[in-house]
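Chemist:
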Amino acid sequence: MNHDMSKLPDIFARYPQKPQSLIAVLQDIQKEFNFLPCEALKETAKHLDVPLSKVFSVSTFYNAFSLNPKGEKVIRICMGTTCHIRGAGLIQDQLESKLGIKAGQTTSDMKFTIEVVNCVGACSMAPVVIVNDKYYADVKVNQTKKILKGG
Amino acid sequence: MVHLTIDGTRVQAKEGEMLLKVIKQLGIDVPSLCDHDAVEPFGACRLCLVEITKQSWDGWKKYVTSCLYPVEDGLIVNTQAEKVVEARKTLIDLQLARCPGSPEIQQLAADYGITQTSYEPKIDSDNCILCGLCTRICEHMGFAAISTVDRGPDRRIASPLDEPPPDCIGCLACAINCPTNVIPYTEKGNKRTIWDKEFELITCSKCGRKTITRDFARALSKMRDIPEAYFEVCDACHRAETATNMGRIAGWSRREEAAS
Amino acid sequence: MAITKVASPKDLDKLQKQCQTEQDKHKRKLMVCCGPGCLANGAAEIVTEFKSQLKKKRIKGFSVEAMKETGCHGFCEQGPLVVVEPQGTFYTRVKKKDVERIVEETLRNNKVVDDLLYTAPDEKTYRDYREIPFYKHQKRIALRNLGHINQCDIRDYIAVGGYQALAKALNKMSPSKVIEEVKTSGLRGRGGGGFPAGRKWESCARLEERPHYVICNGDEGDPGAFMDRAIMEGDPHSVLEGMAICAYAVDSSEGYIYVREEYPLAVQFLQEAIREAEEYGLLGDNILGTDFSFHIKISRGGGAFVCGESSALMKSVAGEVGEPRAKYIRSVQKGLYDRPTVLNNVESYANVPVIIDRGGKWFAKIGTETSAGTKAFSLVGKVVNGGLIEVPMGTTLREIVFDIGGGIRNDRPFKAVQTGGPSGGCLPDDKLDLSVDFDTLTKAGSMMGSGGMIVMDEGTCVVDVAKYFLKFLVDESCGKCTPCREGLYQLYLLAVKISEGMATENDLDKMEQLSGVIIDASLCGLGKSGPNPFLSTIRYFRDEYLTHIRDKRCPAGVCKALITYEVDAQACDGCMACIHACAANAISGKKGEVHTIDQTKCDKCGACFAVCNRHAIKVA
Chain Y
1 MNHDMSKLPD IFARYPQKPQ SLIAVLQDIQ KEFNFLPCEA LKETAKHLDV PLSKVFSVST
61 FYNAFSLNPK GEKVIRICMG TTCHIRGAGL IQDQLESKLG IKAGQTTSDM KFTIEVVNCV
121 GACSMAPVVI VNDKYYADVK VNQTKKILKG G
Chain B
1 MVHLTIDGTR VQAKEGEMLL KVIKQLGIDV PSLCDHDAVE PFGACRLCLV EITKQSWDGW
61 KKYVTSCLYP VEDGLIVNTQ AEKVVEARKT LIDLQLARCP GSPEIQQLAA DYGITQTSYE
121 PKIDSDNCIL CGLCTRICEH MGFAAISTVD RGPDRRIASP LDEPPPDCIG CLACAINCPT
181 NVIPYTEKGN KRTIWDKEFE LITCSKCGRK TITRDFARAL SKMRDIPEAY FEVCDACHRA
241 ETATNMGRIA GWSRREEAAS
Chain H
1 MAITKVASPK DLDKLQKQCQ TEQDKHKRKL MVCCGPGCLA NGAAEIVTEF KSQLKKKRIK
61 GFSVEAMKET GCHGFCEQGP LVVVEPQGTF YTRVKKKDVE RIVEETLRNN KVVDDLLYTA
121 PDEKTYRDYR EIPFYKHQKR IALRNLGHIN QCDIRDYIAV GGYQALAKAL NKMSPSKVIE
181 EVKTSGLRGR GGGGFPAGRK WESCARLEER PHYVICNGDE GDPGAFMDRA IMEGDPHSVL
241 EGMAICAYAV DSSEGYIYVR EEYPLAVQFL QEAIREAEEY GLLGDNILGT DFSFHIKISR
301 GGGAFVCGES SALMKSVAGE VGEPRAKYIR SVQKGLYDRP TVLNNVESYA NVPVIIDRGG
361 KWFAKIGTET SAGTKAFSLV GKVVNGGLIE VPMGTTLREI VFDIGGGIRN DRPFKAVQTG
421 GPSGGCLPDD KLDLSVDFDT LTKAGSMMGS GGMIVMDEGT CVVDVAKYFL KFLVDESCGK
481 CTPCREGLYQ LYLLAVKISE GMATENDLDK MEQLSGVIID ASLCGLGKSG PNPFLSTIRY
541 FRDEYLTHIR DKRCPAGVCK ALITYEVDAQ ACDGCMACIH ACAANAISGK KGEVHTIDQT
601 KCDKCGACFA VCNRHAIKVA
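Those sequence lines, one after another, are chains Y, B and H.
Take 1 as the starting number for the first sequence in our numbering and just add one per residue.
Take 1 as the starting number for the second sequence in our numbering and just add one per residue.
Take 1 as the starting number for the third sequence in our numbering and just add one per residue.
1. Thinking C-beta only, is PHE292 of chain H closer than 8 Å to MET232 of chain H?
2. Residues of chain B with CB under 7 Å from ALA326 of chain H, in chain order?
3. Going by C-alpha distance, which of H:LEU562, H:THR125 and H:LYS60 is nearest THR92 of chain H?
4. Given a threshold of 16 other Cβ atoms within 10 Å of its Cβ, counted over all protein chains shown, does LEU26 of chain B qualify as buried or as exposed?
5. Any idea which residues DSSP pairs PRO196 of chain H with across the strands?
6. Would you please verify whether the beta carbon of LEU161 of chain B is less than 8 Å from any beta carbon of chain H?
7. Assuming PHE363 of chain H and SER203 of chain H are in contact, meaning their beta carbons sit under 8 Å apart, how far apart are those beta carbons, in whole angstroms?
8. Please look up how many angstroms separate the CB atoms of ALA217 of chain B and GLU228 of chain B, rounded, as I've assumed it's under 8 Å.
9. Compare the Cα-Cα distances from LYS21 of chain B to each of B:LYS62, B:THR9, B:LEU75 and B:TYR69 and report the closest residue.
10. Which residues mark the beginning and the end of the beta strand (DSSP E) in which VAL380 of chain H is found?
11. Would you report the Cα separation of ASP225 of chain B and ASP37 of chain B, rounded to the nearest angstrom?
12. Chain B beta carbons: is any one of them nearer than 8 Å to that of PRO51 of chain Y?
13. Under the rule that 16 or more other beta-carbon atoms within 10 Å means buried, what is PRO236 of chain H, buried or exposed?
14. Do the segment 138 to 152 of chain H and the segment 249 to 264 of chain H meet, that is, are 3 or more Cβ pairs less than 8 Å apart?
15. Which of the three DSSP states, helix, strand or coil, is assigned to ILE91 of chain Y?
16. With a Cβ-Cβ cutoff of 8 Å, do GLN27 of chain Y and GLU323 of chain H count as a contact?
17. Assign GLN105 of chain Y to one of three DSSP states: helix, strand, or coil.
18. Could you run through the segment 107 to 120 of chain B and flag, in chain order, every residue whose CB is less than 9 Å away from some CB of chain H?
19. Specify whether the segment 172 to 188 of chain H and the segment 84 to 95 of chain Y touch according to this definition: at least 3 beta carbon pairs, one from each stretch, less than 8 Å apart.
20. Less than 8 Å between CB atoms is the rule here; does SER21 of chain Y satisfy it with respect to chain B?
21. Suppose the cutoff is 7 Å on Cβ atoms and the five residues either side in sequence are ignored; what does the same chain contact list for LYS297 of chain H look like?
22. Could you list which residues in chain B have their beta carbon closer than 8 Å to that of GLY489 of chain H, in chain order?
23. Can you name, in chain order, every residue of its own chain whose Cβ lies under 6 Å from the Cβ of ASP251 of chain H, other than the five neighbours on each side?
24. With three or more C-beta pairs closer than 8 Å as the rule, is the segment 162 to 180 of chain B touching the segment 135 to 145 of chain B?
25. Can you list the residues of chain B that THR60 of chain Y reaches, using a CB-CB cut of under 7 Å?
26. Looking at THR482 of chain H and GLY452 of chain H, is the spacing between their C-beta atoms short of 8 Å?
27. Between THR82 of chain Y and CYS123 of chain Y, how many whole angstroms is the CB-CB distance? I'm expecting something under 8 Å.
28. Is ASP167 of chain B close to chain Y? Criterion is C-beta to C-beta, closer than 8 Å.
29. For LEU91 of chain B and LEU41 of chain Y, which I take to be in contact (beta-carbon distance under 8 Å), what is that distance rounded to the nearest angstrom?
30. Closer than 9 Å by beta-carbon distance: list the chain H residues that pair up with ALA87 of chain B, in chain order.
31. Spatial neighbours of ALA87 of chain B within its chain, please: CB distance less than 6 Å, with the 5 preceding and 5 following residues excluded, ordered by chain position.
32. Does TYR119 of chain B pass the burial test, meaning 16 or more other C-beta atoms within 10 Å, or should it be called exposed?
33. According to a CB-to-CB cut-off of less than 9 Å, which residues of the segment 198 to 221 of chain B neighbour chain H?
34. Does CYS76 of chain H come within less than 8 Å of chain Y when only Cβ atoms are used?
35. Do the CB positions of VAL306 of chain H and LEU526 of chain H come within less than 8 Å of each other?
36. Does DSSP put ILE132 of chain H in a helix, a strand or coil?
So, in structure tokens, the structure goes:
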């Protein structure tokens, strides 16, 4: 897959050209491409003068980064403690079985990605599911169809 | 200098020195897998755990990894306390669950009376104990060609993007220093392969033996400001040449002495 | 409007008067809560609607500027919230369609919209939020401005006395006097450890090596906690002011706020707040005309719980993998880039301006002898009134759960309250009268932590909770040391075994023994406290574990492998809702007839249970 690397200089220009900018640069690349393309990692290593091994290490360590492209719709299931005890696990099971993928995976048509996130800090509305930027509060196990349809 | 007691023996140690070093100097058998003289202590395997206390602590005891604990005056160390040995045994048991196929870990476990792990063994294990010696030594040498990847139980050692590592110079420092020998490499003719990357081995122009890789020679030449041609001859032939030269110089000086 | 820099304390006084006059122009103010909960429930839509309605309707004596987007007001369970000040008229669960009525009735005609008021479970309706038990029992210091000022406007903050404490410190106090005051206050770190803040500052100030760094931990990794998010979003300037006071005390000119990536709004608001404060000369070079300079940068975390550990956090700020290092190196001495560093969390810094303003002695009088001041909690779970609260230290769990929280939802019996996040523990009902302070909670096998308080009822299974936290910690372990990486993983596998009814009592012994080793041998705090979720539940709920093991039964009806869903023939009216909801096609029956579940097909997803209005699906 080819990705437009011409956006990289813009991202690089936002931060000092020092190794400590690595995480910030990767976050912006992740935002731009929705994942971290290999070419971008190599360019970043060169630009910041950080060994490629370190770039790979950092990009696999933090939750915020993904080395695989994500789907059009990213379904984030909050798995904070409150969401968990109010049944977020059952909702995860439903979404996974409906889409035929596990959390962390993307459907083969690149439409959906399921992610489990630790806590989005909206515990009073638990369980919470977020699709791209849309929040679904107090989700019931039988509402997953609606969530997938975007209703 | 600080004074401390280890397993009943009073010893002296240099300030700032790590406890494990002093313990090893005494010839006491405390296992450790991630410690290495060439690199900074890391504290990953936790096997060098010991019990410490001080007279002034009023019977209170503490458990610390000796590789990362600087010596202190008045420290009373017990390297074989019951709790310590039990913890070591559990840690080895856990390592055995991670690396059920590693002969080195099997042996260590047997030393502690464990023949089979009491935990859930890892399936398709790569038998790497994640001591990090390979990555730390590689970084220490100035290459950082490989690194740890992912985290938690999924943590592993890998080359960048799981491709042949661009910064690797094929020096084998990672493979040679691996305590469980799980970094494979092959040598065939003048080719060496490690981390899926192929290297050319230099053939000594004098004796025809295989020496270091061309990439290693280039890197050394840059780092130490030595002409690359120097590496076309192997160490042994260089030494032989030096010896011959030394002999010649000695001969000259004797002649000069005689002449004066 | 061109901004002149505040060049002296006098300038600041003048500016404060100016800002107060601006505020006093508005006889009434309309506060729309834009806290995390309300936003998730559509607060942004309500703000837009208010703006357009106010423009359209042109209410006499009420300008659009009198509407403020505030930080978290606290009562998240009832959100979105709209408050009319100074009356305190409190509208709950406001929807877009309610906006017009509020504008017409309350703002134009000075009448209360009764059906939007809060009605307590005892049917009592409240007009003024200050009367509601949820608010009445609280004392707010760290959260003092939340819900009362516009979250993104420095002038609002200055109007209520913002940056006056910094001015006082810079002009009337020496750095050592500032440290003395913080020591007198008895403020202990609010991030979990509870280390005395003043002592930390003092050790940093004493070190000759330069530069010194000041870091604010806004990582808030505990699932179920959102106090710090609420403060960063709702009152960012209080954090900046607290950091600046600290920087002055320890002679630092560079600070960082480490914010987790999951909080994009906090990043945005803090960035705006830093920019504003610099424009006004309250941050940056020559603050308030003095020779003290302090710059703050935001460092976005990459999402790793272990970065709550100080050495890991500092590595992350430096752009590296967040791996903790040996304990014997103290981060006060060798912190960021191996330089002396003070690290406190968001709530700790938010307390500092008040301490400087009102004095350490005043603060020390609040709370208990060893835990001074107040503590913010996110009170959530199966409690009636969930939300963001702040209470004096020493308040009992019972007061928090029952007086403020209003007890358990649906009148079910209380089972446990979980505090301290993944490193904390679950406390049962006979611990409800414990005082909430650092030492008491630790002694009871839990901990204060950053302030998540999750209430559990009978429908919560403690084995499941322990399993959940262990899974969390396994995923979040950096993997550097063996006991944490392998030990917690094996502990998790054993918990799974119990939840599946496959374990023996020997496994419990094995778990307890392994827990001890993990505590003694782990490298950092994550591992050392990792077994707590198991240890605290086995300590207080051993019987429930044994029921799973001996009887292969989950009393709470949670562990999938040990439960079955059944139709209560008495209650079922044959509406077919469950049949449509069942993805496994396990339910059969005709309309009007009692339905039956085929246990061989049932995958226990719980969909039938969720849709049945007649509560005819039973979990056994």
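Positions of the beta carbon are idealized from the N, C-alpha and C atoms, including for glycine.
Modeler: With the structure as the only source:
1. no
2. GLY43 and LEU68
3. H:THR125
4. exposed
5. H:ARG188
6. no
7. With a Cβ gap of about 21 Å, PHE363 of chain H and SER203 of chain H do not count as contacting.
8. 6 Å
9. B:TYR69
10. 374 to 381
11. 26 Å
12. yes
13. buried
14. no
15. helix
16. no
17. coil
18. SER118, TYR119 and GLU120
19. no
20. no
21. TYR256
22. This sequence places Tyr at residue 489 of chain H; Gly is not what is there. By Cβ distance, chain B contributes GLY152 and PRO153.
23. HIS212
24. yes
25. VAL149 and ASP150
26. no
27. 4 Å
28. yes
29. That pair is no contact at about 35 Å.
30. PRO483, GLY516, VAL517, ASP520 and ALA521
31. LEU49
32. buried
33. none
34. yes
35. yes
36. coil
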